[in-house]
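Numbering (UniProt numbering) for the sequence shown: 1 to 154.
Backbone N, C-alpha and C fix where the C-beta goes; we use that ideal spot for every residue, glycine too.
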Amino acid sequence: MSRREEYEKRAEELLAPIVEQNEFELVDVEYVKEAGNWYLRGYIDKPGGITVNDCETVSRAFSDKLDENDFIEDSYIMEISSPGLDRPLKKEKDFQRNMGKLVEVRTYRPIEKQKEFCGILTAFDSNSVTIDEDGTERTFEKKDIALIRQAIEF
Numbered sequence: 001m002s003r004r005e006e007y008e009k010r011a012e013e014l015l016a017p018i019v020e021q022n023e024f025e026l027v028d029v030e031y032v033k034e035a036g037n038w039y040l041r042g043y044i045d046k047p048g049g050i051t052v053n054d055c056e057t058v059s060r061a062f063s064d065k066l067d068e069n070d071f072i073e074d075s076y077i078m079e080i081s082s083p084g085l086d087r088p089l090k091k092e093k094d095f096q097r098n099m100g101k102l103v104e105v106r107t108y109r110p111i112e113k114q115k116e117f118c119g120i121l122t123a124f125d126s127n128s129v130t131i132d133e134d135g136t137e138r139t140f141e142k143k144d145i146a147l148i149r150q151a152i153e154f
């Protein structure tokens with residue numbers, strides 16, 4: 001396990017009870033470097049969407065827990081936010097929530113000369129994802145998927 005993965009796992013262990021206590025859903029935790037700064041981000045959600053006040057409530061409690069446990073060596077910026085409409089599908093519950101919905105799939109390498117596909121999510125398991133693209137069933141190995149998210153129709 002990399003240092004980044006260890007930080008994400010420990011942060012998730014601290015954040016999950018706070019999120020559950022507030023009856024929110026913990027969507028994801030990430031520890032990433034952007035423009036020379038490290039960021040520890042927690043993404044939370046609830047039916048009807050997350051408000052700024054929800055983020056502030058969780059952020060204050062999480063900040064206290066991080067201060068108590070102090071396991072991250074680097075200096076970093078902690079953020080709590082909504083995952084947004086275009087969030088990637090990562091966990092099983094993300095895939096379950098999007099069954100029967102239109103999703104966008106981007107692959108690392110071209111498949112039949114294209115890297116972007118759009119179709120109805122019809123099946124998934126731990127290794128693969130299947131979509132119905134205008135009547136054509138396409139199955140992708142998860143290891144070949146760079147990004148999968150709900151397609152936003154305007």
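Which of the three DSSP states is assigned to E25 in this structure?
strand
So is the beta-carbon of F140 under 7 Å away from any non-hydrogen atom of the ligand FMN?
With respect to small molecules bound, the structure shown includes none, and the ligand FMN cannot be examined in it.
Quick one: grab the DSSP three-state call for S63.
DSSP places S63 in helix when its eight states are reduced to three.
Buried or exposed: which applies to R41, given that a residue is buried once 16 or more other Cβ atoms fall within 10 Å of its Cβ?
buried
Roughly how many angstroms lie between the CA atoms of E25 and Q114, to the nearest whole one?
Their Cα atoms are separated by approximately 35 Å.
So R87 is in the alpha helix (DSSP H); what residue range does that whole segment cover?
Where R87 is concerned, there is no enclosing alpha helix (DSSP H), given that its DSSP letter is neither H nor E.
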